[in-house]
Amino acid sequence: MSRTPQSRCYLIDIEGVLVRDKRYEPVPGSVAWFNGLGDKGCGRILVSNNTTHAPEDLASALRGVGFAVAPEDLVTALAVGARLLEGWGKTRILWLGSPGMADWWREAGFTLVTGGRCDAVVLGANPDLGPSDLQGALAALLDHDAELVALHRNMFYLDGRGERRFGPGFACAGLSGVARRDPVVVGKPQERIYRQALEKIGGRAEEALFISDDPVNDLVTAKKLGMTTAFVLSGKYPDHAVLGRMDQQDWPDIIADTPAAIDAAESGTGGATMDGE
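Just so we're aligned, residue -1 is where the sequence shown starts under our numbering, counting upward by one.
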């Protein structure tokens, strides 16, 4: 693969890229790198599957550790999912994500139920989700034909202690099997959230660089849409061994230890580009 050109707009994952995990400890060099993009006038948007924080709270947490981020700089699976459900008129939901987000849904105009008749069963990250919580979804899916909506389908994520925890994809697989229907998936790797991010930033796919610590769930779709892709080793995966489980055509264009090393990789003065060998 030939070396990619300097990208003019940046679509950036948060956890594992800018910060290590849900403790929001910045990845070394990431604050200066990210804020420097803004100083240079580069278009940038944060694209996150985060379902445990309202966009305003997520932006505030990032500002608290030095990132110059406003809520309008974010496209999150939570907000995209809420708009999607509202557009469908499905506002009576069974929320199976973080209990701390229940009030956010209510303030957004949704009615939350614990089982029985509802318009949609909505899955987000909740490490404490257990069989008793899922029980309420059975009647909704089997008896009331509720929509099954996964804000994302990642199987695991890193919690505030840096430990792996089951993601909503784990529960989604079980509920989808029981209901015998495919879920509606909102966040990455579905194209919807990528397209909304491009629309918000006013860029085209061929002008965009998508940066993530997850080459499987994030970067494959970005590449298929025509974006340049960069895999950083500051999050889920400490090395590029995961690429051995991927089709070579899906490999990222760039591999870097941290986002701050990406510019050097693009210019050919450091980092690594993937050449297919």
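Note that beta-carbon positions come from the ideal geometry of N, C-alpha and C, so glycine has one too.
Original post:
Are L149 and A75 touching if we call contact CB-CB under 8 Å?
Top reply: yes
Subject >> Rounded straight-line distance, which links the Cα of R190 to that of V119 >> reply: 19 Å
Original post:
Based on Cα-Cα distance, which residue from D251, S28, A135 and N215 lies nearest to L121?
Top reply: A135
Original post:
Would you call the region 219 to 236 and the region 5 to 15 in contact, with 3 or more CB pairs under 8 Å?
Top reply: yes
Original post:
Can you tell me the Cα-Cα spacing of A239 and L82, whole angstroms?
Top reply: 36 Å
Original post:
How would you call W99, buried or exposed, if buried means at least 16 neighbouring beta carbons within 10 angstroms?
Top reply: The amino acid at residue 99 is misidentified as Trp; the sequence shows Met. It counts as buried.
**OP:** Evaluate P257 with the Cβ neighbour count: other Cβ atoms within 10 Å of its Cβ, from every protein chain shown; 16 or more gives buried, anything less gives exposed.
**Re:** buried
Original post:
Quick one: Cα of G200 to Cα of L173, how far?
Top reply: 37 Å
Original post:
Is it true that the region 60 to 70 meets the region 14 to 24, where meeting means three or more beta-carbon pairs spaced less than 8 Å apart?
Top reply: yes
Original post:
Hey, D117 and E84: beta-carbon distance below 8 Å or not?
Top reply: no
**OP:** Please look up how many angstroms separate the CB atoms of P53 and A80, rounded, as I've assumed it's under 8 Å.
**Re:** About 10 Å separates the two Cβ atoms, so there is no contact after all.
Original post:
Going by alpha carbons, who is nearest to S130 out of L110, A169 and R163?
Top reply: A169
Subject >> beta strand (DSSP E) segment containing V208, residue limits >> reply: One detail in the question is off: residue 208 reads as Phe in this sequence, not Val. F208 -> beta strand (DSSP E) spans A206 to S210.
Original post:
Looking at the structure shown, is P187 part of a helix, part of a strand, or coil, going by DSSP?
Top reply: coil
Original post:
At a Cβ threshold of 8 Å, is A66 touching chain D?
Top reply: Among the protein chains of the structure shown there is no chain D, as only one such chain exists.
Subject >> Inter-residue Cα distance where the pair is L94 and G160 >> reply: 22 Å
Subject >> Helix, strand or coil at S130 [DSSP, three-state] >> reply: helix
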